[in-house]
Amino acid sequence: MRYSGFRVIAEALTGHKGWKPAWRDPAPQAAYDYIIVGGGGHGLATAYYLAKEFKQARIAVLEKGWIGGGNVGRNTTIVRSNYLLDGNQPFYEFSMKLWEGLEQDFNYNAMVSQRGIINLFHTDAQRDAYTRRGNAMIMHGADAELLTKDQVRQMYPFLNFDNARFPIKGALAQRRGGTVRHDAVAWGYARGADMRGVDIIQNCEVLGMKIENGRVLGVETSRGFIGAKKVGVAVAGSSSKVMAHAGMRLPIESHVLQAFVSEGLKPLIDGVMTYGAGHFYVSQSDKGGLVFGGDIDGYNSYAQRGNLPVVEDVAEGGMSLMPMIGRARLLRMWGGIMDMSMDGSPIIDKTHIDGLYFNGGWCYGGFKATPASGFAFAHLLAKDTPHSTATAYRFDRFAKGLMIDEKGQGAQPNLH
Amino acid sequence: MIINHPLLGPRDSQEFVYLGDAALIRRPDGMADGALDKFIDYTYLRDNPAGQHRELWYHEQGDRSWLVVTRNTVSHEITAVELARDVARTEGRSK
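Chains as they are written, first to last, in our numbering: chain A, 1320 to 1735; chain V, 56 to 150.
1) Opposite GLN1603 of chain A in the DSSP bridges: which residues?
2) Who are the near neighbours of ALA143 of chain V in its chain, counting only those whose CB is closer than 8 Å to its CB and skipping five residues on each side?
3) Quick one: using the 10 Å Cβ neighbour count with 16 as the cut-off for buried, is TRP1418 of chain A buried or exposed?
4) Any residues in the region 1704-1729 of chain A with a beta carbon nearer than 8 Å to a beta carbon of chain V? Which ones, in chain order?
5) Comparing the C-beta of ASP95 of chain V with each C-beta of chain A, is any distance below 9 Å?
6) Report the residue from V:LEU100, V:LEU122, V:GLN116 whose alpha carbon sits nearest the alpha carbon of GLU154 of chain V.
7) Using a Cβ cut-off of 8 Å, which residues of the region 1565-1594 of chain A contact any Cβ in chain V, in chain order?
8) If you follow the beta strand (DSSP E) that ASP188 of chain V is part of, which residue opens it and which one closes it?
9) Name the chain A residues whose beta carbon is nearer than 7 Å to that of ASP102 of chain V?
10) If the cut is a Cβ gap below 9 Å, which residues of chain V does MET1661 of chain A touch?
11) By how many angstroms is the C-alpha of HIS1441 of chain A removed from the C-alpha of VAL1580 of chain A?
12) Against GLN69 of chain V, what residues of chain A qualify as contacts under a CB-to-CB distance less than 8 Å, listed in chain order?
13) At a cut-off of 8 Å, would you count THR1395 of chain A as near the ligand PLP, judging by its Cβ distance to the nearest heavy atom?
14) Compare the Cα-Cα distances from ARG101 of chain V to each of V:GLN116, V:LEU74, V:ALA87 and report the closest residue.
15) Could you run through the region 73-94 of chain V and flag, in chain order, every residue whose CB is less than 7 Å away from some CB of chain A?
16) Kindly indicate the opening and closing residues of the alpha helix (DSSP H) around ASN1454 of chain A.
17) Cutting at 7 Å between CB atoms, please list the residues of its own chain near GLY1645 of chain A, excluding the five before and the five after it.
18) In whole angstroms, what is the alpha-carbon distance linking HIS114 of chain V and VAL72 of chain V?
19) Cα separation between ARG1434 of chain A and ALA1492 of chain A?
20) In the DSSP output, what is ASN1438 of chain A paired with across the bridge?
21) What residues of chain V sit near GLY1617 of chain A, judged by a beta carbon separation below 7 Å?
22) Which value, in whole angstroms, describes the spacing of the CA atoms of ILE1723 of chain A and LEU1369 of chain A?
23) Using the beta-carbon of each residue, which ones in chain V are nearer than 8 Å to ALA1733 of chain A?
24) Between which two residues does the alpha helix (DSSP H) holding TRP1653 of chain A run?
25) Comparing the C-beta of LYS1669 of chain A with each C-beta of chain V, is any distance below 9 Å?
26) By the criterion of Cβ-Cβ separation under 8 Å, what are the contact partners of GLU110 of chain V in chain A?
27) Answer with yes or no whether the minimum CB distance from VAL54 of chain V to chain A is below 9 Å.
28) Excluding the 5 residues preceding and the 5 following TRP1506 of chain A in the sequence, name in chain order all residues of the same chain whose CB lies nearer than 7 Å to its CB.
29) Taking the CB atoms as reference points, tell me whether ASN1678 of chain A and ALA1553 of chain A lie closer together than 9 Å.
30) Tell me the DSSP secondary structure of LYS1529 of chain A in three-state form.
31) Is the number of C-beta pairs between the region 1575-1589 of chain A and the region 1649-1659 of chain A that are closer than 8 Å three or more?
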């Protein structure tokens, strides 16, 4: 069923009796051509593009819980393509372009809102670094703009411009950046994939992999064995757990990152703002809550909840940037598990096992990458060659010294 | 989290800096055959278990000792704390 304005009117006149569930709840078949492990944003996008762009069939997505219950529903919904390095920026700009056409493409309202993002700077050196980054963005076809202090003041007059430690001197802006309703991304991809025949199998945890003579034959799950010609793993947060079934160790540590939302407030922040020096970033949701976060907790964790010291640290960051935030009450806070890769960049690659493919290591930047990650992973699964924007995201870059160290800190908590 | 320091008693984890898996104590021999591959493993690959994890914490705002803390990465429960010095010596380092 396609959604449209006409459909809403037609349903309104007939008592809304025609709406159907957005996707089926099928039982797993004995075998598929493609199994995607992980029904998060990246896994669902992979299945969607496999079916739609690469015309593949017999695809299943296996999810241990319910779709959208992991990091795709836990992030702070920011999309942007403001990276510096060659290995990253074309990929994230490709993702940005897919975001721009996403809602028409999968016929679902994902509330893509290009409200703009600014990164504040506080010193001459930081300004120069952001100028360089902006130039790199422009040369890769993205948009970037350096804002003066007065331009920032016009946008957000309430900021603490004369902070003694980090006075605000200006900002790097990307006007095309913004926010997207993250649950709707999972639902839209799930519905789009389901309409094209993909089986989305929830409450189905992968417990093992059947590998013979260096080739993957299928996965053992909590709902029985399912055969597959190709298995793609996209379970960021749990990557090490799932790939251990194939005997692999990864260049990844799992860390917890917390996020916060305040009570609903009147319109205050119309874009997204990052304050790297203070380990704080913030935007305002359409419901009015200030959505903000800071650093990872800084130790290995699979707990999906963080500890109080980081709550204090994030609150201090918020207070030093916009002191009025101290009057807002915190409504909710939660944690998600990040694949912290050793250089801070992701992996989309084949493994040494035939038919087994891996997508992970997204650190805390996976949400903005969702469409391009799905597209590039589907490309790799269907054609066995990496997508042109994702050639650098290889396993062997660590052994070869070809790290994509955007910030040079990776999983090392003491460097954050 | 409270880390029960073997010398100083219970201390807030805020006083510590975290490094990672305690396997980092076992630095490969750089002169041995196949040292390059061993160092790639040592530097980049991790077990990253969900459950019991032995890990290195540095008491930066205390006595600056390195500790090996055994902690559950699912519940954050700490079950053992040893001096990294003792662990390394038991494994035959720095005799």
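Glycine included, every Cβ here is placed at the ideal spot set by N, Cα and C. Quick caveat, the model's predicted, so the values are computed rather than measured.
For this structure:
1) A:LEU1609
2) ILE80, SER149
3) buried
4) PHE1717, ALA1718
5) In the sequence as displayed, the identity of residue 95 of chain V is Ile instead of Asp. Yes, contact with chain A.
6) In the structure displayed, chain V extends from 56 to 150; residue 154 of chain V sits before or after that span and is not available.
7) ARG1568, LEU1569, PRO1570, ILE1571, GLU1572, SER1573
8) This structure does not reach residue 188 of chain V, given that chain V is present from 56 up to 150, and the question cannot be answered.
9) ARG1568
10) THR98, TYR99, LEU100, ARG101
11) 26 Å
12) PRO1628
13) Although the ligand PLP was asked about, the structure shown includes no ligands whatsoever.
14) V:LEU74
15) TYR73, GLY75
16) 1443-1458
17) MET1638
18) 7 Å
19) 11 Å
20) A:LEU1491, A:THR1593
21) TYR73
22) 27 Å
23) Strictly speaking, residue 1733 of chain A in this sequence is Asn, with Ala absent from that position. Here the neighbours are VAL72, TYR73, LEU74.
24) Careful: TRP1653 of chain A lies outside any alpha helix (DSSP H), inside the beta strand (DSSP E) at 1649-1660.
25) no
26) TYR1618, ASN1619
27) No answer is possible for residue 54 of chain V: the residues shown for chain V start at 56 and end at 150.
28) ALA1341, GLY1387, TYR1427
29) yes
30) strand
31) yes
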